[in-house]
Each structure stands twice: as structure tokens, then as C-alpha cells.
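Position one of the sequence shown corresponds to residue 7 (this note's numbering), numbered consecutively onward. Backbone N, C-alpha and C fix where the C-beta goes; we use that ideal spot for every residue, glycine too. First the structure, in the form of C-alpha cells, and then the observations on it.
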Amino acid sequence: MNDRAALDLLVAQGPLTRTQIGALTGLSKPTASQLLGRLEAAGLVRTTGNVTGRPGPNAQLYEVNPDAAYVAALAVDQGGITAAVADIAGRVLGEERVGTDAVEDDAPRKTAQLVASAVDGALEKAGLTRERLHGAVIGTPGALDPQTGVLRYAPHLPGWHSRALQEELAGVLGVPIVIENDVNLAAVAEQHDGAAQDFDDFVLVWADEGVGAAIVLGGQVLRGATGGAGEIGYMPLPGAPLARGGDRDAARPDAGGGFQRLVGSPSVVELAREYGVADARTVPEALRDARVRAEVARRLATGLAAVVAVVDPRLVVLSGEVAQAGGEVLRELVEGEFTGLALPRPEIRISDVEGNPMLIGALRTALAEARNAVFDTAR
7 MNDRAALDLL VAQGPLTRTQ IGALTGLSKP TASQLLGRLE AAGLVRTTGN VTGRPGPNAQ
67 LYEVNPDAAY VAALAVDQGG ITAAVADIAG RVLGEERVGT DAVEDDAPRK TAQLVASAVD
127 GALEKAGLTR ERLHGAVIGT PGALDPQTGV LRYAPHLPGW HSRALQEELA GVLGVPIVIE
187 NDVNLAAVAE QHDGAAQDFD DFVLVWADEG VGAAIVLGGQ VLRGATGGAG EIGYMPLPGA
247 PLARGGDRDA ARPDAGGGFQ RLVGSPSVVE LAREYGVADA RTVPEALRDA RVRAEVARRL
307 ATGLAAVVAV VDPRLVVLSG EVAQAGGEVL RELVEGEFTG LALPRPEIRI SDVEGNPMLI
367 GALRTALAEA RNAVFDTAR
């Protein structure tokens with residue numbers, strides 16, 4: 007327990023001296039010295055210079071040894087795969103983007119080849135090989151059904167629906183992998199680096215090409231019996247056609263019904279054209295029109311009211327292209343429309359995660375998995 011406490015401190019606040027580690031953990035100087043000696047011998051910490059400019063002997067600084075383990079994080083979308091490789095301290099060493107056209111459509115095991123290509127490209131930029139990886143986390147639209155192992159709610163990802171998908175990808179990379187819903191990973195990023203810090207109960211609503219939500223209760227992501235908790239793109243709402251057809255019609259941008267057809271990016275652009283904004287080709291262009299912003303806010307508030315009435319979170323975070331394009335103006339409109347729709351009144355914020363939230367969340371998850379294993383000095 008002392009070892010892990012010290013390692014977590016070094017990850018969060020390092021480099022630190024022995025005295026600082028002792029003060030922050032409450033350990034005596036002899037115990038802190040023994041602890042650091044043990045961690046050095048295990049290859050988990052290393053010295054990284056001295057504190058200078060103070061009276062007395064210069065104190066050595068310690069940091070987590072970044073070479074103790076490396077992880078890969080991947081974010082999958084319709085256009086391809088983005089991979090990042092980081093050391094155990096969380097420093098990203100290499101990143102690679104591979105388009106779906108990098109491998110022929112009829113190539114055997116195309117999905118595994120794409121994943122391997124993305125990871126190998128990131129590893130090459132990091133100066134590493136696959137043998138140095140400890141594990142990988144892959145973020146995809148949809149979710150793995152825990153009973154069947156099949157990726158559900160993502161029919162727009164051809165090649166990702168094998169019953170042995172997890173085993174195939176683990177086999178090609180040669181390391182354990184976790185496949186996680188991309189919006190759930192965005193919530194992880196939001197909780198660590200964004201608008202949901204210090205919140206254990208919140209909902210992240212993702213409005214982009216696809217529409218979904220991550221529901222975090224008691225600090226844990228709610229998954230559901232088939233992994234589909236938060237698939238609010240299916241949610242029936244007034245003004246939207248019903249989403250029918252199961253996985254064949256799973257809240258795609260160009261099909262389906264429900265909430266997806268009200269606030270997804272294509273629907274926002276379509277709404278602008280209905281209002282006569284003929285030159286609106288993108289979501290930011292569409293949301294420049296005050297009438298479009300007001301209608302999108304009304305639609306978002308209606309959907310949020312249904313979620314909030316069931317979950318009662320302290321916070322709702324709006325993320326994805328629609329939220330980012332609408333910004334604070336859209337948030338204020340949603341908050342105004344929300345008044346009276348639901349009895350609970352959570353705070354509403356716009357995501358402020360910088361970069362790809364899915365990739366950041368995948369990296370956070372991969373690092374947590376690796377640290378739980380590597381930092382366990384009792385093994």
C-alpha cells in the first residue's frame with residue numbers, strides 16, 4: 007500500500023524528494039527511504055537530479071521510471087483509426103492515423119490489419135516495438151455485448167462484428183486489449199481532464215455524426231446488460247421518426263430515428279436548409295443562424311429532460327461537434343429551454359477537453375490498467 011501510494015504521488019506530482027514523499031504519505035524518513043530503495047530495485051522509480059539552491063545537502067529527486075511499461079490507445083471512427091503510444095508516466099511518444107483505405111476492402115482480417123498498422127506506426131515514431139507494449143485500449147462506436155462478444159450499436163463499422171473480435175485483435179498485437187465504447191471513453195477524459203472533474207455523478211451527451219451518452223454514477227460508467235446503456239440515439243422523442251430495425255438501423259447519421267434524427271450533425275445541417283440557410287454545409291455554418299440555434303437547443307433540452315428524469319445526475323456535459331460549434335451560446339439556450347422540463351436541475355456545461363476525447367480517454371484507461379498491474383509490488 008505504501009509503495010502504491012508513493013508511485014501514485016510520483017505520477018501525479020513528481021518528481022519529488024524523499025522528504026516530500028514522506029510528508030505527503032505520512033511515512034517516516036526511514037520508511038520512505040526503504041520504500042524508495044525497494045522501488046528503485048524493482049525498476050519502478052529512478053533518480054532524476056537534485057534539488058539545488060537550498061541550505062544543506064542537495065536532496066535527490068525521484069520520478070516514476072517511464073521505461074517500466076508502455077501502452078497503446080486507439081480511437082476508431084468510420085474514416086479510420088488513430089493510435090497513440092505512451093509510457094507509464096503518461097507521456098505520449100508517438101501517434102499515427104491510418105485511413106480505412108490503407109488496407110483493401112477484400113483483404114482477409116482487414117480490421118486486424120488496420121489496428122496493427124496504426125499501432126506499429128505509433129510505435130515506430132516512439133522508437134519502440136510491439137514487445138514493449140503492456141496492453142491496449144480501443145475505443146469504438148457501439149459496445150461489446152458481454153454475453154456474446156459481438157460489437158453492437160455500430161452497423162456503420164464493417165469488419166468489426168466478429169464474435170472473436172477481442173481475441174483476434176489481442177492476437178495480432180500480442181498484448182491484452184480492452185474494447186470500450188467511444189463515448190464512455192470521452193467521459194473518462196472529461197472526468198480527468200475536462201468539465202466533469204470532481205463529479206462522481208454526471209452524464210456526457212455526445213452530439214456529432216452519431217449521438218450517444220455516457221452515464222457515470224458513483225464514479226462508475228453504467229454499461230447495461232448488453233453494453234448499450236447510453237445509446238440515446240435510439241430514444242423516441244416527439245418530432246422524430248421511431249428508430250426501428252435493431253442493429254441494422256442503429257442510429258446511423260443517414261437512417262434510423264429518435265434523438266439521432268433531431269440533434270445529429272447531418273440533421274443540424276438539414277435543419278438550416280429548411281430555414282433557408284442554403285449555404286450551410288457544416289454544423290458551425292448552420293449554427294450561426296439564431297433560429298437554428300434556438301431549435302437545436304429546444305431539441306437537446308427535450309432529450310436531456312428524458313435522461314435527467316431517469317438518472318438525476320449532478321452535471322450534464324455537452325460534447326461533440328454540435329456542442330463545440332454552438333459553444334456557450336448554445337449551452338445557455340439549452341439551459342433556458344430545460345427550465346420546467348424536468349424536476350431535477352443539473353448543472354449544464356460544454357466539454358473543455360483539448361484534443362481527441364476518445365483517444366485521451368482510451369489512454370487514461372490503458373494507463374490505469376497498466377499501473378494496476380505494474381505498480382503492484384506485492385506480486
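DSSP, reduced to helix, strand and coil, places valine 217 within a strand of the structure shown. Shortest Cα-Cα distance from alanine 193 to any of Ala220, Gly32, Val178, Phe344 involves Ala220. Isoleucine 366: not part of any beta strand (DSSP E); member of the alpha helix (DSSP H) spanning 363-380, first to last residue.
Counting the other CB atoms within 10 Å of its CB gives serine 34 a total below 16, which places it among the exposed residues. Cβ atoms of phenylalanine 344 and alanine 311 come within 8 Å of each other, at about 7 Å. The C-beta separation of isoleucine 354 from valine 322 comes to about 5 Å, placing the pair in contact by the 8 Å criterion. Within 10 angstroms of the beta-carbon of glutamine 19 lie fewer than 16 other beta-carbons, which makes it exposed.
Rounded to whole angstroms, the gap between the alpha carbons of isoleucine 87 and proline 36 is 49 Å. In the structure shown, the three-state DSSP call for asparagine 56 is strand.
By the criterion of at least three beta-carbon pairs nearer than 8 Å, the region 204-224 is in contact with the region 180-189.
Within the DSSP bridge table, the entry for leucine 179 names no partner. For glutamate 360, the secondary structure class from DSSP, reduced to helix, strand or coil, is coil.
Three or more Cβ pairs closer than 8 Å define a contact, and the region 334-343 falls short of that threshold against the region 266-279.
In the structure shown, the three-state DSSP call for alanine 160 is coil. Beta-bridge partners of glutamate 69 (DSSP): Arg52. Counted as a single uninterrupted DSSP element, the stretch harbouring glycine 145 is not any alpha helix (DSSP H) but the beta strand (DSSP E) occupying residues 139-146.
Under the 10 Å beta carbon count, valine 335 is surrounded by fewer than 16 other beta carbons and is classified as exposed.
Apart from sequence neighbours up to five positions away, the residues of its chain that approach proline 350 with a beta-carbon distance below 6 Å are Val314, Asp318, ordered along the chain. With respect to leucine 369, alanine 90 sits close: the two C-beta atoms are nearer than 8 Å.
Contact annotation: alanine 142 and leucine 99 have beta-carbon atoms that are not nearer than 8 Å. Taking a cut-off of 8 Å on C-beta distances, the region 195-207 does not touch the region 154-163, as fewer than three cross pairs fall below it. Judged by beta-carbon spacing, valine 82 lies within the 8 Å limit of isoleucine 144, meaning their Cβ atoms are closer than that value.
Per the C-alpha coordinates, the member of Ala176, Val57, Gly32 positioned closest to glutamine 119 is Ala176. Taking the Cβ atoms as the reference, valine 302 lies roughly 13 Å from valine 283, outside the contact range of under 8 Å. The beta carbon of threonine 53 lies closer than 7 Å to those of Gln66, Leu67, Tyr68 in the same chain, with the five residues before and after it left out. Within 10 angstroms of the beta-carbon of glutamate 173 lie fewer than 16 other beta-carbons, which makes it exposed. Beta-bridge partners of tyrosine 76 (DSSP): Asp93, Leu139. Relative to leucine 150, the option among Asp295, Val184, His140, Ser123 whose CA is nearest is Val184. With a minimum length of 4 residues, the unbroken runs of alpha helix (DSSP H) contained wholly in the region 256-339 fall at 266-269, 271-280, 289-292, 296-317. According to the DSSP assignment, glutamate 46 belongs to no beta strand (DSSP E) but to the alpha helix (DSSP H) extending over 35-47. Under a 10 Å Cβ-count criterion, methionine 7 is classified as exposed, with fewer than 16 other Cβ atoms of the shown protein chains found around its own Cβ.
For arginine 24, the enclosing alpha helix (DSSP H) stretches over residues 24-31.
The bridge partners DSSP lists for tryptophan 212 are Gly218, Ser325. By a beta-carbon distance limit of 8 Å, valine 104 contacts glycine 127. Their separation comes to about 7 Å. Apart from the 5 residues on each side of it in sequence, threonine 232 sits with its Cβ closer than 8 Å to the Cβ of Ala149, Asp151, Pro152, Gln153, Arg158 in its chain, given in chain order.
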